[in-house]
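Take any residue in the sequence shown, count from 1 to its spot, add 1: that is its number in the numbering used here.
Just so you know, even glycine gets a beta-carbon here, dropped at the ideal spot from N, CA and C.
Because the structure is a prediction, the values reported are computed rather than measured.
I have placed the structure first, in the form of structure tokens, so that the comments after it can refer back to it.
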Amino acid sequence: MKNPAQSSGIQKAESYLAPETLLQLSSFELRAKMIVEGIRSGLHASPHQGMSVEFNQHRTYTPGDDLRHLDWKVYGRSDRLTVKQYEQETTLDVLLLVDCSASMKFGTLEPKSGWGGTDGSRSSSRWTKFDHATATAAALAWMALQNTDRVGVHLFAEGLQHSLNQRSTEQQWRQVVSLLSRQAIEGGTDFNTSIDQILSLVSNRSLFIILSDFLENPGVLRSVFAKFLHKRHDLLCIQVLDNEEIEFNNQDPTSFLDLESETEIKLDPTLIRDSYRESLRNHEAELRRGLVDHGFDFIQMNSHDPVGPALARSASRRREWLKNRHAG
């Protein structure tokens, strides 16, 4: 049975992480801080709080030790009180790659009271894919810094636009927030050029997290994934799509604008809905398969949903990457 206090805490955390809450805030920094508060609330409410340490060995219990670390299984077998001793995990370089191409301007969740602090959000009354991606990136940066990881950010479109070199200093999170808040959303997407430029800047084996809509030829993306494998990096791809892109529920003839090429066509959505949804499912399946085949990970985010699941998946990927590195 769930503890009512835990249930209340988890609900509170989810409300902090919901787009409906975040789109009301007037600055990007406030939005990022709200997400951080949601993460903290979720950790306090969860009975399975994560620790950035790994089990090493047992030692005899002494008064004053944290009772949460008592090994009751050992006590049951031997009547001896022993404490699990932990060693600090190795820190990582975590690189956040955020797509700032024009297609990330799309969004249908409204009304957005605050412009959210990013230059690209000033003209929109809607919560965009870029809003969702940058909010998630800011939260991921904070989580990584809490683990004493070194965090860096690279913004890309037709090429690398802006970079923040990886650091683990106290000021780094504010630097991340500042960079994300200044970024405009424009241009097309060239994954190959962008990733080549970014990888040329990174010498250490790193965990890369890409936030994008990934509306690109799967063959091109597969070749991009191979670049990370060749350099022995790890990769998590977070696909950010608007709810309308996923459901395609428009009923009336509508003009559709390609935000990158600015090509406009008029279509009756009811005539192409089934084929569109099938194409999107096939694209997601190919994207996922391309990543899994390289030993990487994938999660799709609906920009109308809370950012929590992506944060949890990222934390899980970090743990797996550390285990694999220790094993290797």
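{"Asked": "Give the DSSP-derived three-state secondary structure of Glu217 in the structure shown.", "Found": "coil"}
{"Asked": "Relative to the C-alpha of His284, which residue among Val221, Ser182 and Asp306 is closest?", "Found": "Val221"}
{"Asked": "Over what stretch of residues does the beta strand (DSSP E) that includes Val178 continue unbroken?", "Found": "Val178 -> not in any beta strand (DSSP E); alpha helix (DSSP H) instead, spanning Gln173 to Arg183."}
{"Asked": "My guess is that Val308 and Lys130 are in contact by the Cβ rule of under 8 Å, so how many angstroms apart are they, rounded?", "Found": "That belief does not hold up - the Cβ atoms of Val308 and Lys130 are roughly 12 Å apart, past 8 Å."}
{"Asked": "What residues match up with Asn303 in a beta bridge as DSSP calls it?", "Found": "Leu242"}
{"Asked": "Could you spell out the range, first to last residue, of the alpha helix (DSSP H) harbouring Gln25?", "Found": "That residue, Gln25, is in no alpha helix (DSSP H); it is neither H nor E in DSSP."}
{"Asked": "Would you please verify whether the beta carbon of Arg183 is less than 9 Å from any beta carbon of chain C?", "Found": "Looking for chain C here will not work: only one protein chain is present."}
{"Asked": "Could you check the C-alpha separation between Phe209 and Leu236 for me, to the nearest Å?", "Found": "5 Å"}
{"Asked": "Using only the alpha-carbon positions, how far apart do Asp132 and Val75 sit?", "Found": "49 Å"}
{"Asked": "Return helix, strand or coil for Arg127, following the three-state DSSP convention.", "Found": "coil"}
{"Asked": "Can you give me the start and stop residues for the beta strand (DSSP E) that Asn1 sits inside?", "Found": "Nothing in the structure corresponds to residue 1, since the chain is present only between 2 and 329."}
{"Asked": "Any idea what DSSP makes of His133, helix, strand or coil?", "Found": "helix"}
{"Asked": "Are three or more beta carbon pairs between the stretch 172–183 and the stretch 136–144 nearer than 8 Å?", "Found": "yes"}
{"Asked": "Select from Asp269, Trp174 and Asn325 the residue whose C-alpha is nearest the C-alpha of Gln331.", "Found": "Since the displayed the chain opens at 2 and closes at 329, residue 331 lies outside it and no answer follows."}
{"Asked": "Can you tell me whether Lys324 is buried or exposed? The criterion is at least 16 other CB atoms within 10 Å of its CB, across all chains shown.", "Found": "exposed"}
{"Asked": "Are Gly188 and Ala227 touching if we call contact CB-CB under 9 Å?", "Found": "no"}
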